[in-house]
Each structure stands twice: as C-alpha cells, then as structure tokens.
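Scroll down for the structure; my scribbles are underneath it.
Number of protein chains: 2
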Amino acid sequence: MRLALFAFIGSLVLPAFANTNATLDGYTPQSSDAERALETKFRAMPSPEKQREYMKLLSARPHHVGSPYDKQNAEWLLARFKEWGFDAKIENFDVLFPTPNGNRVEMIEPKHFVAKLSEPPLAVDPTSSQRDEQLPAYNAYSIDGDVTGPLVYVNYGMPDDYKELERYGVSVKGAIVIARYGAGWRGIKPKVAAEHGALGCIIYSDPHDDGYAHGDVFPRGPFRPPEGIQRGSVMDTDYPGDPLTPGVAALPGAKRLSVAEAPTITKIPVLPMSYGDAEPLLAELRGRVVPPNWRGSLGITYRFGPGPAKVHLRVKSNWDQKRLYDVIAKIPGSELPDQWVIRGNHHDAWVNGAEDPISGLVAELEEARALGELLKQGWKPKRTIIYAAWDGEEPGLLGSTEWVEAHADELRQHAVAYLNSDSNARGYFGADGSHVLQKLINDVARDVPDPEKKMSVLDRARLREVDEAKTTESREEALKRGDLRIGALGDGSDYTAFINHIGIPAADLGFGGEASGGIYHSIYDDFYWYTHFGDPDFAYEKAESQVIGSTVLRLADAEVIPFDFVGFSEMMKKYASNVQELLENDQAEFRERNKELEEGVFDAVSDPTKPLNPPPAVKVPPHFNFAPLQNALDALSDSAEKLSKAWNKAESNGWSLPAASIARVNELLMQSGPALLDQAGLPHRPWFKNMIYAPGAYTGYEAKPLPGVLEALDRHDWAEAESQIPREADALMRETRIINQITAVLNAEPRPSSSR
Amino acid sequence: MRLALFAFIGSLVLPAFANTNATLDGYTPQSSDAERALETKFRAMPSPEKQREYMKLLSARPHHVGSPYDKQNAEWLLARFKEWGFDAKIENFDVLFPTPNGNRVEMIEPKHFVAKLSEPPLAVDPTSSQRDEQLPAYNAYSIDGDVTGPLVYVNYGMPDDYKELERYGVSVKGAIVIARYGAGWRGIKPKVAAEHGALGCIIYSDPHDDGYAHGDVFPRGPFRPPEGIQRGSVMDTDYPGDPLTPGVAALPGAKRLSVAEAPTITKIPVLPMSYGDAEPLLAELRGRVVPPNWRGSLGITYRFGPGPAKVHLRVKSNWDQKRLYDVIAKIPGSELPDQWVIRGNHHDAWVNGAEDPISGLVAELEEARALGELLKQGWKPKRTIIYAAWDGEEPGLLGSTEWVEAHADELRQHAVAYLNSDSNARGYFGADGSHVLQKLINDVARDVPDPEKKMSVLDRARLREVDEAKTTESREEALKRGDLRIGALGDGSDYTAFINHIGIPAADLGFGGEASGGIYHSIYDDFYWYTHFGDPDFAYEKAESQVIGSTVLRLADAEVIPFDFVGFSEMMKKYASNVQELLENDQAEFRERNKELEEGVFDAVSDPTKPLNPPPAVKVPPHFNFAPLQNALDALSDSAEKLSKAWNKAESNGWSLPAASIARVNELLMQSGPALLDQAGLPHRPWFKNMIYAPGAYTGYEAKPLPGVLEALDRHDWAEAESQIPREADALMRETRIINQITAVLNAEPRPSSSR
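Quick mapping for you: the protein sequence lines, in order, are chains A and B.
Under this note's numbering, the first residue of the first sequence is numbered 888, with each subsequent residue one higher.
Under this note's numbering, the first residue of the second sequence is numbered 888, with each subsequent residue one higher.
Have a look at this one:
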C-alpha cells in the first residue's frame, strides 16, 4: 500500500562511523562480540539471485485478496518458512472486500465520451496481459452509486484546496469532483468532497505527478503511461481493518456490522482514472482558470468548471466476504520465549505487485532463509522471533489489523517491537518509527554498506539530509550531526495496529529515492518493471535484508532490550515545540488576516473582472496552558538522562545484575510502549489509542505526533486542542514513571567489583 | 520594449490619505493652493474616448523603424503637438537597423521539419492580416549566420541555467541552444550561449510563461496562441542606441563604426519562435530529463539533448541605415525657461503595437492636449516642459539615446527630471525611478483615484504590497507603512540614457497587473487585443494621464524642485545592506559548499545511473572594507535630515528667501543627479556613468543599484567588487556636499518675521 517513494523525514547527529569496538547497546562485552560475529555471518547470506527468483514467482500472477494466486502465494510462503525451520501456520480471517461489478464513467455533455477505465497489455511485458485475473481499476470501499452532475476540478482535493475554491466562488454542491492523485492519502479526497456536498469523485493520475513530466513512460521508461491507473483503498480513517468488525478480529462468531452501518465506507461513489481518460473531461471544463500551483502537465488550460462537462459516474461492487491468509512463522526463543520480536511485510497486491509489496517481501524472505541457516548452524535466538506475511494490506491493513485484534492481549504482554517493510527499491535508507528504536536503527544502519557508494547506508542517508536541507544554517547543523533522526510513523502499511492500537514500538524501514516511477497500484507494477527500473540488481533488496535482519537479531539476542529514551525525549520536545509554534503561527496569521480584512486588502487586490472572495474572518486562537506538557517533558528528559547514566554503568559492568533484576528491566521496557496508550483513544477516533503517535485524520499518510492537540488545531477546535494537552502529558508521565522504575532497578544493585 | 507586466518593486511607508491641507513640497501656501486647483482642473481633462481614437489611428498599420507608417505617425504627432500649442519639431537620426532577409529554421534529423516562423491572420482581428507591412518575427541585431548543430534545451538560457547544465554534464559547445523567453532580458540568452560555445540560439515562448497555461489564447482570450512569436532586440548591454555611434549622436558626419566592429551585435545568430514551431523540435530531444523548474507546459517530457534533433539555423538581414523621427514638443517656461521637465514615450512598435507602446503614448497625448487647454486658459508653466515621442525604442532605445547624446551638454545643464511611460493597462499603479522623486510620486499618486476601487491609486498599490508580502512579519510592516517605496530603474525603456548616461533623475510610471496576456511583440498586439483585454474602457489610460501629467505640472510649477533626499538616503542604506548581505551569503554558501565537497555530500547523492557532477569548489570571498560606503551613507543621512529640517522651515516660511537663493537652491538640486556620475563609467561598461543606478549586465531588465560592487559580486570578481566601493562612496559624498550646500543656502537666510 505504501508509496514506493515515501518521504524521508529526519535529520542528523554527530559524524557516523562503525565503531566496531564499542559494546552493543544491551549486550555484555562478550555477548556483543558474539553478536557482531553472528550479524557479520548473517549479512553475507541474503542472495539477490534468490530474491529475484522469489519475486518472479510471487508476482507471476495477480494476487489480490480473494484471488486464487493470493492463497497459492500464502501456501508457498508457508512451505518456505517451514522448510527454513520456522514453526509456521496460516491464520484466516473473513473480511468484507468489495470488488467491481459494473463501474462506468461517461461525459454526456457537451460531448459524449466513455472512459476506458482499463489498462492495455504491452507486448514486452508478459504479465500485463493477464486480463482474466486482473482486478479492474477501482477504489475499494467506495459506496455504490449512480450519479450525474457537472464536473469540477479540485486540484488534489485536500482541505486547503476547498479554501481556494471558496475564494474563487466555486461550489462542488451537486457536482462530481475530479481530483488528481497526490498531496495526501486518496481516501481523504472523497471524504472532503462529500463534506462539501459533492455527489461523486473521480481521482486521476496527472502526468505532472508521476507521468511524462518526469521522463519516459512505461515500458520505455518507468513513468505512468497515458492509460495507467492507480487503484487503491478509500476506506475512511476512523479505524483500519475489516469495516464490519471494528476493534475485534474478523473470526467466525464475531459481531459484524451490516455494510450499511460500516462507518469507514465512503459517503459518495469514487473511481480512479488514467490521464488518458481524464484529459477529454478536463478539456471540457470552463469557468475561471486555476491558480498556477493547481496546474498539471496536460497540454490544456486547467479550469475549475463547474461544467459544461457533465459526467455520469456509476460505481457498483460485489460486497462479498473474502478469506485472508496471514502467514505466521515463529522461531521460539531459547531463553526468553515470552518476549517476541515481530517482523512483517504484506503479500497481497492490487495486481501483480512486484514492487508493492513483493520487493519488501523478498527481502523478508531472505532474512528468514538466513535465520534458518543460522539455526542449522546451531544458533538459537534468546527471544522468540515471529516473521509474518500479511494478507489484505492493500484494501485497508486487513490482515495485520485483524491479527493484532485477535492477539491483542498476548501481544501487549509479549511483543517487544514490530519491524515492517513494504515497497523497496534503489536509493537511500529511510526509517520512520517509535523513537525508542532510533538509536538501534542508527547503530545497525551504520554497519550496512551501501551497494552503490563506498559508505554505510547510514552515512549516505545522512549526507542526503545535508543535501536536502533548505537553509545554509540547517545544512551546517546537518553536517555536524552524526546520526539520522527518524520520522514518526504515519499510516500506509502494517505497523498501524501495532503502534496505534496496542502501543507496541514499531518501525518501518526501507530504501528508495533512486527508482521513481509511475506504476504504483497499476497492472504495470510487475516483474518487468521492477527488474528494469526498481532495483535491477536486487542490490538494495539485499541491503534491506541486511538492515532489517540485523535489527531483528540485535533485538532478539540482547541481554536488555536496547530502547533509548534520550532520543525519544528529544523528539518529544521537538514535537511539542512544533505544536506550540503551530499555534503561534495560527494566532499571528489569523490576527493578521483579520487586520487585512478590516483594511480592505482583499478588496483592493480583487480584479472586478475576475473577483476573488476574501477569506473568512477567523477567531484568533487563545493562548493554551502548555504547562502540563512542558512539566512532563522536563520530567521525561531528566529521567531519560538518569536512566542513560545508570544504563551505561550497568552495561560497562557487563550487566552483572541478578537475573530477576534483568528480567524486571526487560519487563518494564516492554511496558514502555503500551504506557503511551489511553484506552479512551483519540477524539473522534477511539480505535487510535496512542496519545503520542498517530496518522493524520485529514492527511492519511502523514504522521501527526502529539495527535490530540495537533488534529484539533487543524480543525480550529481550540477548546478540544487545549483539552488534549493533559492527556498527552499523562502519557509522557506514565512513560517517565516506567523509566524511573528501570533506573531504580539498575541503581539498586551494588556495584560489582572491577575484578569481575 | 518594456514588458506590459513589469515587476513592481517597492514596499510601503505610513498610512496614506490625501492631506489636502498640507502645503505641496516646494510650494508656498499660496502657490500650493493654486497648484492644487490647477491639477484638479487638469485631471478632469484626459478623455478615454480620445485616447481610444488616437490608439485606433496610431496602431492602424505596422509602424516599426523605417516603415512608412512610422514616419506618418511621427508627422501626425507633430501636427497634434503644434495644434495644442507646443513648439514642436521632428529630430532625425540615421541608425543601423537590420531587417530580416532570408531567415530559416529547420530540423534535419531525426525528422525533417521546417519552422513556419510566421503568425497567421485572424478573421476577427482586422489588422492581423497586414502581411505586406509586417516585419517578420526576428531578433534585431542578431549577427548573420548559417549554422547546423545538435539542439540543446537550456531553460531560460540565463547564467544559472548553465551552472545546472554543468552539473548534468551537458555541453552546448558546437550546439544550437533553444531557450524559452522569460527570467531576464532576451539579449542575455545568445550572449551567454555564445560564451559557452554555442553556434546559434533559438528563443521560443513556452505556453507555461504566456500561453495556454494561463488561460484562453488569442483571440478567444488574451494569451499567446500557438503561432504567436515574440520579436525583440538582442543588442548587447554595453551601451544602448545606434550600435555604430557609441556615445555620440547618429547625425551626419558622426564617426561611425563598421558593422563588423560594432560590439553590441550578437556573437551568434539568434531567432525567435512560437511554441507551435518549438514543440516538434523539443519533442525530438533525448538525453537526461530536465529538473522540475525547467519544465514548460507543453505536453511532452522536457529533456536537455544534445540531439538527436539536429537543427539548421540561418539568420540573414539587410544591414541598412534607417531614419529615426523623434518628435520633440516644448512649452517654454515663463519664469525658469532654462529648467526643463521632460516627459516621453516611444511611438515606434514592432508591428501594430497597440499596447506597446501606443497605450503609453495615448496617455501622454491626452496630457499634452490638456496642457494645451490650460495654456489656452492662460496658464503658463514656470519651467519649460518638453514632451517627446521617441522613435526606435524597440530595436535598442535608439531615438531617446541618440537625442540624449546629441543634447547631452544642454541636458546636463537644463534637465530637471525625465518622466517615462511605455505599455500601460488595467491594474495597479507602479513606479521605478530615482529615489529623490519617490516622495513626489507618492504625493501625486495619493491624489489620483483608482478607476475600479474607491481609493487612490497609491492606496491600492500599497494594499497590494501587503497582499504580496511573503511573510507575516513583512505583511505587518507593510500594513503599517503609508507610502510606496519605488524600485530602482533597470533597463527596458527610454529613461536609460537620461539616468545612466547623463545622470538626470528619472522615473518610469504606469499601471498593470490585471491585463496579463501573451501578445507582447507579436502581430496580435493590436487595437482588437487592447480594446478587448488591455484596458477596454481606457480607464487606466485616463489614470495614467492624470498621474504623469500631474507630476509634470507639479515639477514645472514648484518654487523649489521637490526632490527628497531622506527617502534617497534610506534607500541607499537599504541597497548597501543588500550588497553586504549578498557578500555574506556568498561567503556562507561557498564555505558550506566547499565543506560539502570535502565531506562527499554530492557524491553520496549522485545516482550512478543518473550522475550529477558536483558544483565546482569556489574560493570563499574575503571580507571587504565597506567603511568608505558606510561613512558616506552616514554623512548622507545626516545631511539629508538637516536639509529636511531647513527645507521644512523655509517652506513653512513660504520660501521667503531672496530670489538669488531660490535660484541657487534650484541650481544645486539640478546638480544632484549628475553628481552621481563618474565619467570613467562602470567597469566594462564605460557608457554607463551612474555609480548608483544601472541595469544588470547579465539580467537586462533588472536594476542593480550600487552596480559596481553588485555586478562584480555576480561575476565573483572579488577584487573588482571591493575596488568599486570607494567610487560609490565618492558619488554619495558628492551628493552629500550638494545637499550640504543647499542646507547652507537655506540656513544662511535670516528667519523671516512671523507677520510675513
């Protein structure tokens, strides 16, 4: 589901080099050496040739939820995990999964035109011709509908675009909107359109965003051809997973909503479209010309409408239940079997899905095969390792969400961390995740060589941050830093249920940035595309196995789980100051705008022949009481510093504490993720229980750290925003208390003698 | 010549309202009341209907230099000025003016395609069919040439674009470059191309810049149709005027260079082109894909080349001398006939030129007719007023430059100020000019009502500055200010010789911003276009007459020439701090870049399949001795403040000084402009003698205040940059001494009694 070119959020800290002498975090000097040797052995094992074979096989036929090949892949995966020595099984869930059955878009005025809504096979690309097994292009969980209305172009169809429409005096009421893909998650587009009274929604891929503006189109180049269509889910963001079983697993006997009751199904019908189909529609729009940043790359004048293009849109689906096949494979822990390190990637695709998700899955498979090799050589992990291949990620994180909901109690008790991957391709290492994992991820990435450059994948990512810094100041700062700050997790892949619903620390890892293209969620995301444009040598597939597999090993074998609260505390301070800054900016901007309204600025600059409505006057937000959050942050950073000192002492003493103390420390560390939850959940989204990390309700992919305050600020609900400050402060105070307990355990022990 | 939508540079100062009780600057309370009454009478006179008639007549046929209608218009203008009571005559100059004779562009590989290079007549537009009299689209003063080579796309073809080309490893050596119009003066494009080894240069109008991206194309809308071509001069920037007679008037007997010796003729052949002709060429470029900001709005992938498109370019001209017809009309001053207030606009066009220049000329004509009316009613100006209608502006400011060179000695002695206009259309008031005129321009603009809004043209311009301010901070500052800061003059119309060669304070005034279009320098800039899209009611034509005519009157009738040195001094400080900031930015940026080169940032982010060369290491500029300039600025502002006090006292005492003192003050004020000159001129451009004001040698239109330092900084010639500081300081010290002398004259007088 995740876009191949996810944004890399983060910046840098202190010159990075592999300090091969330092003791690994959470290890003794002895176990650290052993671990380094083990990881070195491990990193030599992943084979690009095998990854290529797996990809060829797994992407050989369309394998969406409910398809024969989806099941066949799951069974093949099960067999591999078993072959490699895992204790593996398939877990099934039965979920609502609509499939298209009579979709249609036609322009009925001023010309007649019927959209093709289909992608032609290409002679050079063998899998593109598997028409019988391909799911037609559609947006899953669009409501059925048959609507006719004038067309209105709404740019990316995000909330800010509607503010612009208001200034131009363009209403979408009773209209069908056409939005281009991009600038936010696709499900936001029909949601916001419906809120503004639109009857229906078309989403198309403008060549500006992933088509010929960027280079040659497929198959000559990697970019979206005129008939390429981006499929994808438009399920609303209240909760992921089966729309009929919110909060509980979609197992036999589960209480199920009716389709009509399911709140995550869209309010208006929505269909995706190619730019080949969209151009004739857009060319028949009149009305005002759009502002420059609304223009796409078609050779036309982009206009708002409404009309004269009048469009008939019909969306009709089979609303069947389909069976999911989650493959779950375990290596039991030899010493701490009740502490689970979980690693996953989905296996379902919209069509053949070589990049999304097979590129991530084959990296996972080579990790698993290598772990199997190590098992054969006598290694046993201290903790239990679980490798998962999820089904149903594309329609709405179905497989991972239902599995987490099915096993929530066990996971809260046993899960150490969840490591995710998804699409992977040539380029730069990037990571988003829980900030307790930030240091671990940096430490591992420092040990993995970049396949194209004589440096570690960490250094390359760091230097890219320098290159992309916007100001001389930030570039200088970035040059001085030695590690990569990871971004918070938003939405878009299978980590969501883990971190947002049950609070398990999670991270999403991968490479990208040198293999941009325009085949995302189309029939052309296939073996031909990937082996020509994605990662032809599978070099970054191997690097992906190396990074994530090493992270799994390091977590699984550590004496003490290597979470770092200093980095966590720093990032929390940063996020809190971002929130305060946002409020201050809103205050300044709205005060300023109201003054401009009084002075008549907007009237003065409105051309009478092309008038612009003034923006609405806005109540300036009040000052908030941030003290609870500030106090919590101070306590958190004090505690994190103290723990860091105690930790370093314990580590330099070889973790020579009584076994019960070590056990207690690990236990407390495992409580630190769930401590961020509040069972009442976020306002309007009770399924999302993490007070610190959440995706945006109106951005989708984008992370909204400290979401309670941030989201209410976005909605201009000042009272709600302020009311969330104490809840976030409480979450951080719970974390702080756990940190203090860990410190107390570490400090309670008498110092061991230096002769030890 | 000037682009219709010239950039408005400036910002605001203190709430603006017409203080109708205050004494006008340079007037006594009595003469101030009389002047207000006169101006009120004057501002009722300009007639939109007459302006429309003039435009219809003057743009009825093509009237470029050397055409029959150019001469006919001059004679008609002469007759009008005479009819209105001016002492008018035509002054002739004989100048080099090449006209096309066998231009051709064809693609010879990989396909054959011959560019049309011609604009079709349109049925609705009567003058578009005057094929016999239209000058074909070409770039005047391109050297003759017949070259063949691979094509390279160079974006706007400005110096920074070549830095980008180097990073992509693309050379233009031996190639023909194709640049799009925009981002700087067109003459820079072949100049920089030649410096990089190109054989020839094509300049085309991308629809991104003034075509369908913005709206409907002509005749349905105002924007450039597929076959519309922008003609224009590409004469180099060493000096304007006749290329064969630098520094002297092109009169019989003048020493003339041969064409081969003329340094302002281009080094390589250059031709303009429509996007209809350019698209087939651009579509046949391969090589790397250009960066996003290089993309235009054609429905193609923009690539650098070189080739495979191979182009044959032939430019061939008749290198004839043509006669210029400058119309010079005078109203002799009744009291101070030796002090001349000069006002001008050109009358030649590239084709029919309704907007450029007739829209400015008809405003001037209605001012002249109104002055004639006032003369009939018994008014006589204190000072001499000269109205000029220049010929040959389009090819290179020929008529105004030759006239200034012919009359340089008289002008240095007699000219008070030069007020210019050029294209004019619906929208916002804007002014660039010498900053001693800033307050006067503000005062006049405060008295002229905007035709579309219930406010003065000044207030509307001010509020637009607020709207366009980029940050909340700058918006707040702009809201607090009450007047408009004017920009410095760059290049692009007939003020150049006045301000840059002989130091006469000058300003360029006009309206624009609500009538954007794409007919600039094409056959479609005609009466049909202007009356549909430019200013259909001629309301802003009337406003233009009101603003500029009032400024002429106020300068002509003042007791003391109303120059303001406080505003001048403020702007000089601003420009000086801009220069220092630029140096500091260069220092920080180059230091930073060198560090990044050492750290390997550019290697780390270079995709091996699409490598980017690192930018070159640069010597970090040293710190400069800015003290002479800083000392001069301090002295200047002290002196300006003292003069302001003395001036206000004198004014509040009704300028009751002896006649000789008033005469001396006026004389000194008239020396203040030429005091900024240094007869050695700017480095590499000795014709440009003003040390404070100049257009950029590599930007053309754009102003480069404090040009000696600024231009050398642009060229990274640090030694030359520093060497220019004392020359600029000296110019400001000469100005300061004049200011001090004026103050001394004003303060020398005993205070008149209050009973006076």
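Cβ atoms here follow ideal geometry from the backbone N, Cα and C, with glycine treated the same way.
**Item:** Contacting positions in the stretch 1476–1495 of chain B - beta carbon closer than 8 Å to chain A
**Value:** Listed by position along the chain: Glu1476, Glu1479, Lys1482, Glu1483, Glu1486, Gly1487, Val1488, Phe1489, Asp1490, Ala1491, Val1492, Asp1494 and Pro1495.
**Message:** Residues in the same chain with beta-carbon distance under 7 Å from leucine 1009(A), minus the five sequence neighbours each way, listed in chain order, please.
**Reply:** Position 122 of the first sequence, counted from the start, is the residue given in the question as residue 1009(A). Apart from sequence neighbours up to five positions away, the residues of its chain that approach leucine 1009(A) with a beta-carbon distance below 7 Å are Ser1015 and Pro1106, ordered along the chain.
**Request:** With DSSP collapsed to three states, give me the class of proline 1133(B).
**Result:** Within the second sequence, numbered from 1, the residue matching residue 1133(B) stands at position 246. Proline 1133(B) sits in coil when the DSSP states are folded into three classes, being neither helix nor strand.
**Request:** Can you tell me which of the three DSSP states isoleucine 1626(A) falls into?
**Result:** Walking along the first sequence from the start, residue 1626(A) turns up at place 739. Here DSSP, grouped into helix, strand and coil, assigns isoleucine 1626(A) to helix.
**Request:** Please decide whether tyrosine 1099(A) counts as near chain B, where near means a Cβ-Cβ distance under 7 Å.
**Result:** Locating residue 1099(A) in the first sequence gives position 212, where the first residue counts as 1. Output row for tyrosine 1099(A): interface = yes.
**Integer Cβ distance of serine 1464(A) from alanine 1527(A), believed to fall under 8 Å** = As a working note, residue 1464(A) is residue 577 in the first sequence. As a working note, residue 1527(A) is residue 640 in the first sequence. Actually they are not in contact, since the Cβ atoms of serine 1464(A) and alanine 1527(A) sit about 17 Å apart, beyond 8 Å.
**Request:** Using a Cβ-Cβ cut-off of 7 Å, state whether isoleucine 896(B) counts as contacting chain A.
**Result:** Numbered from 1 along the second sequence, position 9 holds the residue referred to as residue 896(B). Note that isoleucine 896(B) scores 35 on pLDDT, short of 50, meaning its location in the model is unreliable; the coordinates nonetheless yield the value given after this. Output row for isoleucine 896(B): interface = no.
**Request:** Have a look at serine 1539(A) and lysine 1269(A) and give me their C-alpha separation to the nearest angstrom.
**Result:** Mapped onto the first sequence, residue 1539(A) falls at position 652. Mapped onto the first sequence, residue 1269(A) falls at position 382. Their backbone Cα atoms lie some 21 Å apart in a straight line.
**Request:** Assuming methionine 1578(B) contacts leucine 1564(B) (C-beta within less than 8 Å), just tell me the rounded distance between them.
**Result:** As a first step, residue 1578(B) is located in the second sequence; it is residue number 691 there, counting from the start. As a first step, residue 1564(B) is located in the second sequence; it is residue number 677 there, counting from the start. About 7 Å separates the two Cβ atoms, so the contact holds.
**Prompt:** Comparing alpha-carbon positions, which option in Lys1217(A), Tyr1068(A) and Ile1215(A) lies nearest glycine 1183(A)?
**Reply:** Here residue 1183(A) corresponds to residue number 296 of the first sequence, with the count starting at 1. When only C-alpha atoms are compared, the closest one is Tyr1068(A).
**Prompt:** Candidates Leu1366(A), Lys1506(A), Lys1357(A) and Thr1438(A): which alpha carbon is nearest glycine 1397(A)'s?
**Reply:** Against the first sequence, residue 1397(A) aligns to sequence position 510. Of the listed residues, the one whose Cα sits closest to glycine 1397(A) is Thr1438(A).
**Asked** Which residue comes first and which comes last in the beta strand (DSSP E) that contains aspartate 1330(A)?
**Response** Here the question's residue 1330(A) lines up with position 443 in the first sequence. Counting along the chain, aspartate 1330(A) falls outside any beta strand (DSSP E), though it belongs to the alpha helix (DSSP H) covering 1325–1332.
**Message:** Nearest by alpha-carbon distance to methionine 1557(B): which of Phe1452(B), Arg1210(B) and Leu1593(B) is it?
**Reply:** The residue you call residue 1557(B) lines up with position 670 of the second sequence. Taking only the C-alpha atoms, the option nearest methionine 1557(B) is Phe1452(B).
**Request:** Examine chain B for any beta-carbon lying closer than 7 Å to the beta-carbon of leucine 1350(A), and answer yes or no.
**Result:** Walking along the first sequence from the start, residue 1350(A) turns up at place 463. Leucine 1350(A) counts as touching chain B.
**Asked** Contact check, serine 1695(A) vs leucine 911(A) under 8 Å by CB: the rounded distance?
**Response** Look at the range of chain A in this structure, 888 to 1643, and you will see that residue 1695(A) is not part of it.
**One or two residues paired with proline 1224(B) in a DSSP bridge** = Your numbering for residue 1224(B) matches position 337 in the second sequence. In the DSSP secondary-structure assignment, proline 1224(B) is not bridged to any residue.
**Message:** Taking 8 Å as the limit between beta carbons, can you name the residues of its chain near lysine 1460(A), skipping five residues before and five after?
**Reply:** Numbered from 1 along the first sequence, position 573 holds the residue referred to as residue 1460(A). For lysine 1460(A), the CB contacts under 8 Å within the same chain, skipping 5 residues up- and downstream, are Leu1520 and Ser1524 in chain order.
**Whole-Å CB distance - glycine 1151(A) paired with tyrosine 1126(A), under 8 Å assumed** = Here residue 1151(A) corresponds to residue number 264 of the first sequence, with the count starting at 1. Here residue 1126(A) corresponds to residue number 239 of the first sequence, with the count starting at 1. The sequence shown places threonine at residue 1151(A), rather than the glycine named in the question. With a contact defined as Cβ atoms closer than 8 Å, threonine 1151(A) and tyrosine 1126(A) qualify at about 7 Å.
**7 Å Cβ cutoff, glutamate 1339(A) in contact with chain B** = Counting from 1 along the first sequence, the entry for residue 1339(A) is found at position 452. For glutamate 1339(A), at least one C-beta of chain B is nearer than 7 Å to its own C-beta.
**Request:** Would you decide whether arginine 967(A) is buried or exposed? Buried here means 16 or more other CB atoms lie within 10 Å of its CB.
**Result:** Position 80 of the first sequence holds residue 967(A). Label assigned to arginine 967(A): buried.
**Asked** Is there at least one Cβ from chain A nearer than 7 Å to valine 1353(B)'s Cβ?
**Response** Reading the second sequence from its first residue, position 466 is the one you call residue 1353(B). At least one chain A Cβ lies under 7 Å of valine 1353(B).
**Request:** Identify the continuous beta strand (DSSP E) that holds proline 1159(B) and give its terminal residues.
**Result:** Looking up residue 1159(B) in the second sequence gives position 272. Under the DSSP assignment, proline 1159(B) falls in the beta strand (DSSP E) whose first and last residues are 1157–1160.
**Item:** Extent of the continuous alpha helix (DSSP H) run through threonine 915(B)
**Value:** Taking the first residue of the second sequence as 1, we reach residue 915(B) at position 28. First-last for threonine 915(B): undefined, no H or E at that position.
**Message:** Rounded to whole angstroms, what is the Cα-Cα separation between glutamine 1017(B) and glycine 1560(B)?
**Reply:** By one-based count along the second sequence, residue 1017(B) stands at place 130. By one-based count along the second sequence, residue 1560(B) stands at place 673. Rounded to whole angstroms, glutamine 1017(B) and glycine 1560(B) show a C-alpha spacing of 45 Å.
**Anticipated Cβ contact below 8 Å, proline 1167(A) with methionine 994(A), distance rounded** = Translated into the one-based positions of the first sequence, residue 1167(A) becomes position 280. Translated into the one-based positions of the first sequence, residue 994(A) becomes position 107. Their Cβ separation, rounded to whole angstroms, is 7 Å, which keeps proline 1167(A) and methionine 994(A) in contact under 8 Å.
**Asked** How is glycine 1421(A) classed by DSSP in three states: helix, strand or coil?
**Response** The count along the first sequence starts at 1 and reaches residue 1421(A) at position 534. Looking at glycine 1421(A) - three-state DSSP - the assignment turns out to be helix.
**Message:** As an exercise, report each continuous beta strand (DSSP E) stretch of at least 3 residues that is fully enclosed by the stretch 1044–1102 of chain B, in chain order.
**Reply:** Correct list: 1063–1067 and 1087–1091.
**Message:** Please give the ranges of any alpha helix (DSSP H) in the stretch 1478–1503 of chain B, keeping only runs that are unbroken, at least 4 residues long and fully inside the region.
**Reply:** Along the stretch 1478–1503 of chain B, the alpha helix (DSSP H) occurs as fully enclosed runs of 4 or more residues at 1488–1491, listed in sequence order.
**Request:** Using 10 angstroms around the beta-carbon of serine 1641(B), count the other beta-carbons present and answer buried if the total reaches 16, otherwise exposed.
**Result:** As a first step, residue 1641(B) must be located in the second sequence, where it is residue number 754. Summary for serine 1641(B): the model assigns pLDDT 47, below 50, so the residue's position carries little reliability; its value from the coordinates is reported in the next sentence. Exposed is the label assigned to serine 1641(B), since fewer than 16 other Cβ atoms lie within 10 Å of its Cβ.
**Asked** Is glutamate 1280(A) closer than 7 Å to aspartate 1235(A) when the C-beta atoms are compared?
**Response** Position 348 of the first sequence, counting from 1, holds the residue named residue 1235(A). Position 393 of the first sequence, counting from 1, holds the residue named residue 1280(A). In contact: aspartate 1235(A) and glutamate 1280(A) (Cβ atoms closer than 7 Å).
**Buried or exposed (CB count within 10 angstroms, at least 16 for buried), threonine 1496(A)** = Mapped onto the first sequence, residue 1496(A) falls at position 609. The residue in question, threonine 1496(A), is exposed, as its Cβ has fewer than 16 Cβ neighbours within 10 Å.
**Asked** Less than 6 Å between the CB of alanine 1618(A) and some heavy atom of the ligand NAD, yes or no?
**Response** Of the ligands one can find in the structure shown there are none, so the ligand NAD has no counterpart to examine.
**Asked** Between the Cα of isoleucine 1391(B) and the Cα atoms of Val1335(B), Thr1418(B) and Glu1292(B), which residue gives the shortest distance?
**Response** Residue 1391(B) sits at position 504 when you count from the first residue of the second sequence. The closest CA to that of isoleucine 1391(B), considering only Val1335(B), Thr1418(B) and Glu1292(B), is found on Glu1292(B).
**Prompt:** If you draw a straight line from the alpha carbon of glutamine 1611(A) to that of glycine 1595(A), how long is it in whole angstroms?
**Reply:** Here the question's residue 1611(A) lines up with position 724 in the first sequence. Here the question's residue 1595(A) lines up with position 708 in the first sequence. Using only the alpha carbons, I get a separation of about 5 Å.
**Message:** Any C-beta of chain A within less than 8 Å: which residues of the stretch 1055–1071 of chain B qualify?
**Reply:** The residues in question: there are none.
**Asked** Closest by CA to aspartate 1103(A), which one among Met1045(B), Leu1038(B) and Val1176(B)?
**Response** If you number the first sequence from 1, residue 1103(A) lands on position 216. Ranked by how close their Cα comes to the Cα of aspartate 1103(A), the residues Met1045(B), Leu1038(B) and Val1176(B) have Val1176(B) in first place.
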